[in-house]
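Have a look at the structure below, then the notes.
2 protein chains.
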Amino acid sequence: MSSTHASTTVDTVTTGPIEGSVKHYEQVDADGTTLRIPVRRVNLTNGEHFDVYDTSGPYTDSDATLDLEGGLPKLRDGWAKPDAAGPRTQLAWARAGIVTTEMRYIAAREGVSPELVRDEVAAGRAVIPANHNHPECEPMIIGKKFAVKINANIGNSAVTSSIAEEVEKMVWATRWGADTIMDLSTGKNIHETREWILRNSPVPVGTVPIYQALEKVNGDPTALTWEIYRDTVIEQAEQGVDYMTVHAGVLLRYVPLTAKRVTGIVSRGGSIMAAWCLAHHQESFLYTRFAELCEILAKYDITFSLGDGLRPGSIADANDEAQFAELRTLGELTKIAKSHGVQVMIEGPGHVPMHKIVENVRLEEELCEEAPFYTLGPLATDIAPAYDHITSAIGAAIIAQAGTAMLCYVTPKEHLGLPNRDDVKTGVITYKIAAHAADLAKGHPRAQERDDALSKARFEFRWRDQFALSLDPDTAREYHDETLPAEPAKTAHFCSMCGPKFCSMRISADVREYAAQQGLSDSQALEAGMAEKSAEFAQAGGQVYLPVVS
Amino acid sequence: MSSTHASTTVDTVTTGPIEGSVKHYEQVDADGTTLRIPVRRVNLTNGEHFDVYDTSGPYTDSDATLDLEGGLPKLRDGWAKPDAAGPRTQLAWARAGIVTTEMRYIAAREGVSPELVRDEVAAGRAVIPANHNHPECEPMIIGKKFAVKINANIGNSAVTSSIAEEVEKMVWATRWGADTIMDLSTGKNIHETREWILRNSPVPVGTVPIYQALEKVNGDPTALTWEIYRDTVIEQAEQGVDYMTVHAGVLLRYVPLTAKRVTGIVSRGGSIMAAWCLAHHQESFLYTRFAELCEILAKYDITFSLGDGLRPGSIADANDEAQFAELRTLGELTKIAKSHGVQVMIEGPGHVPMHKIVENVRLEEELCEEAPFYTLGPLATDIAPAYDHITSAIGAAIIAQAGTAMLCYVTPKEHLGLPNRDDVKTGVITYKIAAHAADLAKGHPRAQERDDALSKARFEFRWRDQFALSLDPDTAREYHDETLPAEPAKTAHFCSMCGPKFCSMRISADVREYAAQQGLSDSQALEAGMAEKSAEFAQAGGQVYLPVVS
Chain A
5 MSSTHASTTV DTVTTGPIEG SVKHYEQVDA DGTTLRIPVR RVNLTNGEHF DVYDTSGPYT
65 DSDATLDLEG GLPKLRDGWA KPDAAGPRTQ LAWARAGIVT TEMRYIAARE GVSPELVRDE
125 VAAGRAVIPA NHNHPECEPM IIGKKFAVKI NANIGNSAVT SSIAEEVEKM VWATRWGADT
185 IMDLSTGKNI HETREWILRN SPVPVGTVPI YQALEKVNGD PTALTWEIYR DTVIEQAEQG
245 VDYMTVHAGV LLRYVPLTAK RVTGIVSRGG SIMAAWCLAH HQESFLYTRF AELCEILAKY
305 DITFSLGDGL RPGSIADAND EAQFAELRTL GELTKIAKSH GVQVMIEGPG HVPMHKIVEN
365 VRLEEELCEE APFYTLGPLA TDIAPAYDHI TSAIGAAIIA QAGTAMLCYV TPKEHLGLPN
425 RDDVKTGVIT YKIAAHAADL AKGHPRAQER DDALSKARFE FRWRDQFALS LDPDTAREYH
485 DETLPAEPAK TAHFCSMCGP KFCSMRISAD VREYAAQQGL SDSQALEAGM AEKSAEFAQA
545 GGQVYLPVVS
Chain B
5 MSSTHASTTV DTVTTGPIEG SVKHYEQVDA DGTTLRIPVR RVNLTNGEHF DVYDTSGPYT
65 DSDATLDLEG GLPKLRDGWA KPDAAGPRTQ LAWARAGIVT TEMRYIAARE GVSPELVRDE
125 VAAGRAVIPA NHNHPECEPM IIGKKFAVKI NANIGNSAVT SSIAEEVEKM VWATRWGADT
185 IMDLSTGKNI HETREWILRN SPVPVGTVPI YQALEKVNGD PTALTWEIYR DTVIEQAEQG
245 VDYMTVHAGV LLRYVPLTAK RVTGIVSRGG SIMAAWCLAH HQESFLYTRF AELCEILAKY
305 DITFSLGDGL RPGSIADAND EAQFAELRTL GELTKIAKSH GVQVMIEGPG HVPMHKIVEN
365 VRLEEELCEE APFYTLGPLA TDIAPAYDHI TSAIGAAIIA QAGTAMLCYV TPKEHLGLPN
425 RDDVKTGVIT YKIAAHAADL AKGHPRAQER DDALSKARFE FRWRDQFALS LDPDTAREYH
485 DETLPAEPAK TAHFCSMCGP KFCSMRISAD VREYAAQQGL SDSQALEAGM AEKSAEFAQA
545 GGQVYLPVVS
């Protein structure tokens, strides 16, 4: 690892398989290269197994030998970077009809054809955030035809947290399913923190370069210049940042539109650029130098995440003129970026009541040529600080069902403080729920298989399988064991919620078993046969479950 | 209190105001009686106050003198019970054009006219669950034109919990906003537990009488009879139960429809009745004796909650023939109940993927004459045991937006064990979020006022007001204080999430203040004036926030 962070050591992170699962690699041949596609494999107690999309990198391998100082193995180092088509970006290659190794890897991961991956990238409807300088990254795709992805924000602030904590948060977030992480550090050692995160991250890393640029001018936004910003972007690009949030849509004339809002401008980047625009009374360098920025990003194949600097920060401000004016500008910038071969996604709100959510997606798709939408929640109400992972999961599920490709998580600490490791996990699991609920609603071919596998385990009282198939096996088991810790309870035909006498699943299973024993295997036969069999059933005591002493 | 529970004492429950709020009673004149309408009053630090609908009863009064043994004051004891119109039920009175005292109380609580309350009840689109024998109850209404309500299930099981714990859960659930509670006890001392709960509950209490009836036949469902069930209903009616879940729609011919389901029958009541139907090969007494049941419920003005015994227990089983066949039968039963003057609501699923949720509401409204829909979630995915409060809040918000009138909460322990006191609170707060999000989406006149008040407090860094206006002030403050416990942080213009240099709200506020100082109070003026003012702003250092040492 580079000498810039020799002063810091990160000694330990969480490793080892998730309870009830093992890390498995599917071998896939891609033009002579053998790709190893990671899955979390749940070996079920009935002899079957179930594979789950895995984002956790080598940290969950049983036999991982990790070197945090040296970083993860450089997975993509040997992969071809075709010269064919101008800029060496996934977008340019896709447009030239080339299926890259990254696309093959992703196709195997998603269970789709490599051609679908290529075509969606070529159309700008999907992005593959993969900086050439981040070879440690396991390629993934963000687009509405694929599984909905989630991002976890980490990073220190001036008030709290250390590098070691942030690296652990990255490992921890990806362990539970974060598809990308954003390092939003604004405190000490921004460069060094990012270096540690990038070298050890198996998922794409995003940043907001204006944060670091602001540090370089001692926190005075009006002192920001294009040169300082550009150099910061290049510094981060060289390190391997995969996507960058750029608030280039905050135009001078939009700032007054926020004056009568309940909560003004709530995007950090947006407020910084608004302050700059006001002070200089001109359009920001992010907007005026956008083409130059595109050239830099194209060189590394960094994906734009065009920031919504004027997103609403309260229910009252949702879908207002400031928000949608900026979105129109993001649409113009999308076209410019793509003309430079740069991949683009569009960031979205924020705080939006349920009935105004879908309009956001429709407008984004219309104005931004269906570039992948990447939204923060949105929170469906403002009144529940400490529960904004939940207020926003409601909005997130709805907006993802409508077509949002990636959801930026919100933790219980939103609006209140910097999330700790527990908050990160809660945020990630909550957003996996929202993303999966949307996948189900969109009819994603693989989504319901997991629900069915888990529900089947539940119905058959395979408690260990139910836990292992869940998003968070540790907590599921812990909650179960709170009242029934004994080993036999793991195969018992009840839990403490209803107790043995009232378990409907048990009664239902017994009814079914009775029917099957009588050869009544389908509905017609069951109905027809029931008349004669019911007397028999009653005679046998009608005992569909064992009585217990109450 | 009656001697049946002399052996038990419940010594203590949670009392005192919610942090940052005081209990206030609005005096409302109703035909000579002065009604005292409870609200949770938040006295804001800016001198204003904000009133919130309150369900907590006298337990949150500052000067409450509680007598758990004697029960709550009998609020409704002196209220008129007109003789005019056949059965003495809110439905019959409403149909006769009578506005009852309960209706006036509710109108004041909801901020609507008494006539709207009466008309919605008369149409069967709303119910007022208020057993004549539960005079301690503060009247409330369940119907889609009013604020969405939530129910909290409590009650012991054969495995765990005591009477004292269950009474505290009732007080605790209503403290945080439960509009009704259901006592689903299936363990020891069912009658006594219910008596303690009823005498001390300020909200309507629901039950599922078949649970207690089953205890009386030692857990053998096939041994159940109409007589045992009827006597149990009368026993509970005499105690004051306000609404009863009755699984009268589980017909014999529907049972085979569940045979090929992934999770069979998951309703406890449904599985009990299915076992009975199979064993006897005839329709259940709940169905064949439904008219007699109506006569009993009419006498006490108990509301039917027609149970969905065949609700889906997994994504795979959602909206299937078994579920909708039962719903059609519930529609028939609705008409019969109403013809007896009995109020009716209809229970709904369960587990339903997002794209299949709205169909449930449309069909329920069509088949059941828009009787209030009362749904359990639904869970939008099966894969997150330990987080099913969240999976179901997503479904609950969506189904409430579509017209569901009351949401039955789900706690983190769902599928895993009996909820404890913490789980009850988490479930209640989560469901207050879902209900409020739906109120916002439906344009409920009072809903957004609270979001606006909280967001305004947030933007103005009135931290204490932000906490006090939230659903859970204790946890909001606790999370904030985790990183910034010092007293000055309560008025600081930042939190630990971004630190002082990066607070967008602060920058935004400073930008606005700058504009206001310059007399740029509206957008046009601001834009027009900005050119000349920007130089001035820059000259002044462009200092929109105070730099800190990083």
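Going line by line, the protein sequences match chains A and B. Add 4 to the 1-based position in the first sequence for the numbering used here, that's all there is to it. Add 4 to the 1-based position in the second sequence for the numbering used here, that's all there is to it. Ideal Cβ positions, reconstructed from N, Cα and C, are used throughout, including at glycine. Keep in mind it's a predicted model, so treat the numbers as computed, not measured.
When Cβ-Cβ separations below 8 Å define contact, residue 391 of chain B makes contact with chain A. Ranking A:305, A:319, A:255 and A:307 by CA distance to the CA of residue 290 of chain A puts A:255 first. Distance from the Cα of residue 42 of chain B is smallest, within the candidate group B:86, B:87, B:33 and B:113, for B:113. Residue pairing by DSSP places residue 412 of chain A opposite A:155 and A:380 in a beta bridge. In the displayed model, residue 150 of chain A falls within coil according to three-state DSSP, outside both helix and strand. The shortest C-alpha to C-alpha distance from residue 373 of chain A to any of A:331, A:315, A:491 and A:207 is the one to A:331. Residues are counted here when their Cβ sits less than 7 Å from a Cβ of chain A; for the stretch 346-370 of chain B these are 357, 358 and 359, given in chain order.
Following the DSSP letters along the chain, one finds residue 122 of chain A inside the alpha helix (DSSP H) bounded by residues 118-126.
For a Cβ distance threshold of 8 Å, residue set 389, 390, 416, 417, 420 and 421 of chain B lies close to residue 483 of chain A, ordered along the chain. Listed along chain B are 389, each with a C-beta nearer than 7 Å to that of residue 470 of chain A. Annotation for residue 364 of chain A: no beta strand (DSSP E) segment contains it, though the alpha helix (DSSP H) segment containing it runs 361-371. Here the C-alpha atom of residue 387 of chain B lies approximately 40 Å from the C-alpha atom of residue 342 of chain B. Residue 293 of chain A sits in coil when the DSSP states are folded into three classes, being neither helix nor strand. In this structure residue 36 of chain B is exposed. Its beta-carbon is surrounded by fewer than 16 other beta-carbon atoms within 10 angstroms.
In the structure shown, the three-state DSSP call for residue 161 of chain A is coil. Put simply, the stretch 471-488 of chain B does not touch the stretch 239-246 of chain A. Fewer than three CB pairs are less than 8 Å apart. Inclusion of residue 250 of chain B and residue 297 of chain B in the CB contact set at 8 Å is warranted, their separation being smaller than that value.
Contact of residue 395 of chain B with chain A is assigned, a C-beta pair being separated by under 8 Å.
Any Cβ of chain B closer than 8 Å to the Cβ of residue 274 of chain A would place that residue at the interface, and such an atom is present.
Between residue 212 of chain A and residue 300 of chain A, the C-beta gap is not smaller than 8 Å, which leaves the two residues out of contact.
In terms of beta-carbon proximity, residue 499 of chain B lines the interface with chain A, with at least one pair separated by less than 8 Å. Of the other Cβ atoms in all chains shown, fewer than 16 fall within 10 Å of the Cβ of residue 66 of chain A; this residue is therefore exposed. In this structure, DSSP gives residue 239 of chain A a helical state, which the three-state scheme calls helix.
For residue 463 of chain A, the closest alpha carbon among the candidates B:142, B:171, B:76 and B:264 is that of B:264. Listed in chain order, the non-local C-beta contacts of residue 480 of chain A below 6 Å within the same chain comprise 471 and 474, local neighbours out to five positions each way being set aside. Taking the CA atoms as reference points, residue 259 of chain B sits about 17 Å from residue 310 of chain B.
Here the C-alpha atom of residue 498 of chain A lies approximately 31 Å from the C-alpha atom of residue 307 of chain B. Residue 27 of chain A is bridged by DSSP to A:44. Counting along the chain, residue 209 of chain A sits inside the beta strand (DSSP E) bounded by residues 209-211.
Of all residues in the stretch 261-273 of chain B, the ones placed with a Cβ closer than 9 Å to any Cβ belonging to chain A are 261, 262, 263, 264, 265, 266, 267, 268, 269, 270, 271, 272 and 273, in chain order. Note: residue 130 of chain A is bridge-paired with A:147 in the DSSP secondary-structure output. Straight across, the Cα-Cα distance linking residue 106 of chain B with residue 203 of chain B is about 19 Å.
Taking 7 Å as the upper bound on Cβ-Cβ separation, chain B lies near residues 384, 385, 386 and 387 of the stretch 376-387 of chain A.
Under the 8 Å criterion on CB atoms, residue 406 of chain A is classed as non-interfacial with respect to chain B. When the five nearest sequence neighbours on each side are left out, the beta carbons in the same chain lying within less than 7 Å of the beta carbon of residue 93 of chain B are those of 302, 305, 345, 346 and 347, in order along the chain. Pairing residue 425 of chain B with residue 467 of chain A, the inter-Cα distance amounts to about 24 Å.
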